[in-house]
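Protein chains: 6
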Amino acid sequence: MLHQKASISIFHISIIFLERYEICITHNTGFSEGVEMPIVELHVLNGYDIEEKQRLGDALTNAVRFVVPAAPELVTVMIHDMPAEDYYRGGKSRIPARALPDPIAIVKNFLVAMEARKLEIARDLLANNFEMTFPGGVVMHRLEELIVWAQPRYKFVTKTYDGFDAMQSNGDAAVVFARGTLQGEYLDGSSFESVRFIDRFEMINGKIVKQEVWNDMAEIRMQP
Amino acid sequence: MLHQKASISIFHISIIFLERYEICITHNTGFSEGVEMPIVELHVLNGYDIEEKQRLGDALTNAVRFVVPAAPELVTVMIHDMPAEDYYRGGKSRIPARALPDPIAIVKNFLVAMEARKLEIARDLLANNFEMTFPGGVVMHRLEELIVWAQPRYKFVTKTYDGFDAMQSNGDAAVVFARGTLQGEYLDGSSFESVRFIDRFEMINGKIVKQEVWNDMAEIRMQP
Amino acid sequence: MLHQKASISIFHISIIFLERYEICITHNTGFSEGVEMPIVELHVLNGYDIEEKQRLGDALTNAVRFVVPAAPELVTVMIHDMPAEDYYRGGKSRIPARALPDPIAIVKNFLVAMEARKLEIARDLLANNFEMTFPGGVVMHRLEELIVWAQPRYKFVTKTYDGFDAMQSNGDAAVVFARGTLQGEYLDGSSFESVRFIDRFEMINGKIVKQEVWNDMAEIRMQP
Amino acid sequence: MLHQKASISIFHISIIFLERYEICITHNTGFSEGVEMPIVELHVLNGYDIEEKQRLGDALTNAVRFVVPAAPELVTVMIHDMPAEDYYRGGKSRIPARALPDPIAIVKNFLVAMEARKLEIARDLLANNFEMTFPGGVVMHRLEELIVWAQPRYKFVTKTYDGFDAMQSNGDAAVVFARGTLQGEYLDGSSFESVRFIDRFEMINGKIVKQEVWNDMAEIRMQP
Amino acid sequence: MLHQKASISIFHISIIFLERYEICITHNTGFSEGVEMPIVELHVLNGYDIEEKQRLGDALTNAVRFVVPAAPELVTVMIHDMPAEDYYRGGKSRIPARALPDPIAIVKNFLVAMEARKLEIARDLLANNFEMTFPGGVVMHRLEELIVWAQPRYKFVTKTYDGFDAMQSNGDAAVVFARGTLQGEYLDGSSFESVRFIDRFEMINGKIVKQEVWNDMAEIRMQP
Amino acid sequence: MLHQKASISIFHISIIFLERYEICITHNTGFSEGVEMPIVELHVLNGYDIEEKQRLGDALTNAVRFVVPAAPELVTVMIHDMPAEDYYRGGKSRIPARALPDPIAIVKNFLVAMEARKLEIARDLLANNFEMTFPGGVVMHRLEELIVWAQPRYKFVTKTYDGFDAMQSNGDAAVVFARGTLQGEYLDGSSFESVRFIDRFEMINGKIVKQEVWNDMAEIRMQP
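Chains as they are written, first to last, in this note's numbering: chain A, 6 to 229; chain B, 6 to 229; chain C, 6 to 229; chain D, 6 to 229; chain E, 6 to 229; chain F, 6 to 229.
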């Protein structure tokens, strides 16, 4: 059996490899496909708490699984955190940067505050150059503008969430998507519900710089 | 709470140490600017090509930056890929799983094929249980249904992309967002352009299982 | 001198390597054979005590020396133990399993208890499916059976140990060998000593599942 | 004492952490089931072939499992083998020692040769200071002595193997145990079979230095 | 030769790859500017304090930069210090050696003590086999000899330092160079200053074994 | 202070531990003899040749020994060199910088060329801002100046070397010291020999930027 394994290895180096991973394995050999167990090690300065490490553990696990088709249980992440005195760059000790806040948590806080029209709380979560784009391509910069924009459209609206997606972009921004359905009341007192929406947020250094909103409000109202 | 953690960290870095390295810390922030340089090591079986490693490099870099506020230039990723004979699990050699295809590339191929109405090519990219949801909450499963659904709405539509976002979810699916603007021609021959859209895709094992679409078509048509 | 070293290296890559490690080195080169210093790193969750780590250190050192002919002083083992918050599998923290007890210690306890006929203590160390095989191929399952079996053979017997060997098998069982000599008294009051014996034990999850006994009792009694 | 250690470990895993990860711990066990996934890394100079690496993979896996109760599938071994130019001790490159031969293979060869009375082949596998001890404590040094010793005992004997156990001792010797049953013919022409035996071998630098034999021959012959 | 190596490297980086990462390579250099970021990991037993680790951080950073043209900010050093219970050599735990004192500090102490003619303090810093060589090749072993040697030459002399250089030699000795200028008073009461000097020290186990002195005293006095 | 640290270390090594490993510690020293075996790992991009790696091996070994009193044979250096495709910084592959030339080799070439008055060869080894300082504090920038300066002093001079010391400074420069004795002929035809000298060189990017010279020429000539 060992002998067989050897010849598979050799095979793999020659033809199979050139054909780019179209590895065909018979049931006889004992090797099934896709049984790799990737291991990630992260070296950081210490100072991150359990929640922040959990977020690192999740993000690194998913980063690997984005390319390598390993079941989650087969992806191991080890975080090696070092005291400042054990880490030198250019011969100098360094102080760890405070972890970025969880972008999804920030977005949730923002959406909750907006729904309750607690503008001050919401405003604290925004960067100075905040910009929001609403259906029809309306661009606004201040939350008060949004209130005005919404007034002729509905009395109130609340959100039910189907899910959040979040990631770091290649650039500076973390990106968060919130999607679900809207329910509320039109100005004429009639109510609506199950109106699909999706919001896309960009966040830099823990502050929201951009909100983009799409939803089916117009589509629904157009329907007879 | 974060603030408290910061001050604890500083506390056990003695005064001498701070003086020694000329670290200036204001009482307000606890931390001086982020100067950490996280290092990620990934151990996988060899068999991944340059493009796949580049995708792993990007995904792992962003995973760290999602939590640690390091500039990209300060995040190092080292991939250690091992020949099968150097890796044992349960005392057995393993064969690497073929890398998952780039989800963004799959989505682009799908959108291009759909725009050109090359349904066969598009269909090859779909999982058996594919489901799409279009504005108004219309759920369809076959591409032909979509063609029928679109007929009374516009003669043709093409897409201009502002950007793609992609990530692995905690579950089995990779998620891809495509956003940008639509242009095309209504049935009455009049044209439209700059209509915002966003699509959300879920992909499992390289096949699209779900497409969700939001856009401003109705909003635009409702406008006087 | 550097130049010479280089050419040795090149030699080693071409001919020597193909001839499978029959490396012949002249006294001029300065390289003796067998001067490697293998290094083992073990990553585990923390929770193991000094004794358990010592056992890991011994077992890993011997595992390497089983294949690589390095003197013990040249084998380094480093144990990296991580707090649970630094280790993720499938994005989840894990709790370390309690170390297995030292199989040799268990066997010693069992043999001491049996010698003193403290059957309850001995029984606590046995798995439910315990089986023992004594000279002549006699198979028994309960310690009381053994007492009965021994009665017509000797009044009492004690053991002097020459050594213990222990290892993990490829299967679930750890294996322990105890060997040495027996001394005691026959039923007729005459004494015996220096009778060679060896016992083989299998242990699963810290419980003895199997004992096999060989000795020279019959051989000695057959001698005139 | 182990129990106490467990509760300390739990103590400094805060309630929040337990809630977070939905870890349920009963007060009786201290530890939930063993879900750890130990990782072993071995750094050696390159020059070992697939078979030798497989033996290292097995030995290291079992070394960990001797102490840590992980299922084999959860123990990963990574072998990092370096070209000589990448490894320095005392600033000097080193040449890898040729791997030790598989002790079990040597023992099998020896036993096969002895059974077939091919003394020269067998003798090549012995160290100069070879010593063997047979039932009754008979010590011999040369294979010819054994032939003489056996002549009055049986016409011939062959072995059926139930299993081999092998390990590196803390000292210089590798230890191999072979066990099974003997069958053959007595001098009077009557046959015997299913006679239990066990042999213990010590091997240094690939040569057998010691053989110890125990079996039930006398026990069986004593039986009526 | 180096040039050739460079072009080989480029050769197997395909055009696509170069385009992909926007790497611009002129035909003259083969290599674009040094953008590597070397990482050093040091594994030691714990027991070293912050100052000793800082010296290790500096020495390792400079060791890399001696060969690799990386800017200091791009050289990372990580010190992994282990408790004794996590480190085994030959299966035995080890106790870390106390760090060697900073050779530059020792030399400074010696020079300060000598300037102040505190011979006892200076003598404590010397090894038994201490030897000093002064301009003209004068060799002395005891500090008192030096006092006598200096008497006909100047009333007193003090030193202004331009810099210190220190390193570990390939042998047992650490080497320290002190250089700068001398000022003082001749026996006739006239003063001198800005007289260039350099001292070379060898230190073994923290004790000075050798001092060699060169300076411009004679050159200056010879000048008209 | 070191002493105190030592006793703290001992303090948390329990009595049992000390007994276990037969470690004898006197109250005076705190530490028993240095038996540590430090391990250095260097991660670089591949592209360095055997000679350059040997220099890295030497420099890193000495860097550790500068602080940790380990015998050279107990310091291990492992170089992990990665293909460009396995290393990402900021998500981008990098190209390794060409190794810096050996500073001692450059200095030797320079000194040989100067001795033979091959000014062009020597000049190629100098940086544009080259500066040399000779006995008496004479500062020159061009090699021709030096020729002129030497003319009234001696007919010719050659060097015998006792040794070279070289290191990377904390700054940009590598520093090289050459020391030994001068021999040659004065203008009057008389010869001199055994005149001690030392040269200090600074080198940046492989070019000599600074030469400082001290010797006993004047001292010797002043002697009767």
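C-beta: ideal position from N, C-alpha, C; glycine also.
Interface residues of chain F facing residue i [CB-CB closer than 9 Å]
i	result
residue 81/C	42, 44 and 81
Rounded separation between residue i and residue j - CA only
i	j	result
residue 220/B	residue 44/C	59 Å
residue 142/D	residue 56/C	36 Å
residue 195/B	residue 120/B	19 Å
residue 27/D	residue 203/A	Model confidence at residue 27/D stands at a pLDDT of 29, short of 50, so the residue's coordinates are unreliable and nothing is read from them.
residue 199/D	residue 103/B	51 Å
residue 21/D	residue 188/B	Summary for residue 21/D: the model assigns pLDDT 30, below 50, so the residue's position carries little reliability; its value from the coordinates is reported in the next sentence. Using only the alpha carbons, I get a separation of about 52 Å.
residue 64/F	residue 228/E	42 Å
residue 223/F	residue 224/E	5 Å
residue 97/B	residue 74/C	23 Å
residue 84/D	residue 95/F	28 Å
residue 78/D	residue 92/F	29 Å
residue 226/F	residue 205/F	23 Å
residue 81/F	residue 133/D	36 Å
residue 113/C	residue 183/C	9 Å
residue 116/B	residue 58/D	48 Å
Amino acids of chain A, ordered along the chain, whose beta-carbon sits closer than 7 Å to that of residue i
i	result
residue 96/C	62, 63, 66 and 77
residue 191/C	The contacting residues do not exist; residue 191/C stays about 51 Å from chain A at best.
As assigned by DSSP and simplified to three states, the class of residue i
i	result
residue 75/E	coil
residue 41/C	coil
residue 131/D	strand
residue 144/A	strand
residue 214/C	strand
residue 59/E	helix
residue 209/F	strand
residue 99/E	coil
residue 113/C	helix
residue 91/B	helix
residue 70/A	helix
residue 105/B	coil
residue 80/F	coil
residue 176/F	coil
Amino acids of chain F, ordered along the chain, whose beta-carbon sits closer than 7 Å to that of residue i
i	result
residue 86/D	What residue 86/D touches in chain F: nothing, since even the nearest Cβ is about 11 Å away.
residue 55/B	90
Limits of the alpha helix (DSSP H) - the one that residue i falls within
i	result
residue 223/F	222-227
Rounded distance between the beta-carbons of residue j and residue i, thought under 8 Å
i	j	result
residue 214/E	residue 139/E	Residue 214/E to residue 139/E, Cβ: 16 Å. No contact.
residue 51/B	residue 107/B	No, residue 51/B and residue 107/B are not in contact; Cβ-Cβ is about 19 Å, not under 8 Å.
residue 111/B	residue 208/B	6 Å
residue 67/B	residue 175/A	7 Å
residue 148/B	residue 127/B	6 Å
residue 72/E	residue 192/F	Rounded, the Cβ-Cβ distance is 44 Å, inconsistent with contact.
Residues that residue i contacts on chain A, provided the C-beta gap is smaller than 9 Å
i	result
residue 127/B	Within 9 Å Cβ-Cβ: nothing; residue 127/B doesn't reach chain A, min ~23 Å.
Boundaries of the beta strand (DSSP E) in which residue i is found, first to last residue
i	result
residue 179/D	179-190
residue 171/F	161-173
Contacts that residue i makes with chain E (C-beta to C-beta distance below 8 Å)
i	result
residue 48/A	83
Below-8 Å beta-carbon distance, residue i vs any chain I residue
i	result
residue 179/C	This model lacks chain I altogether, as its protein chains are A, B, C, D, E and F.
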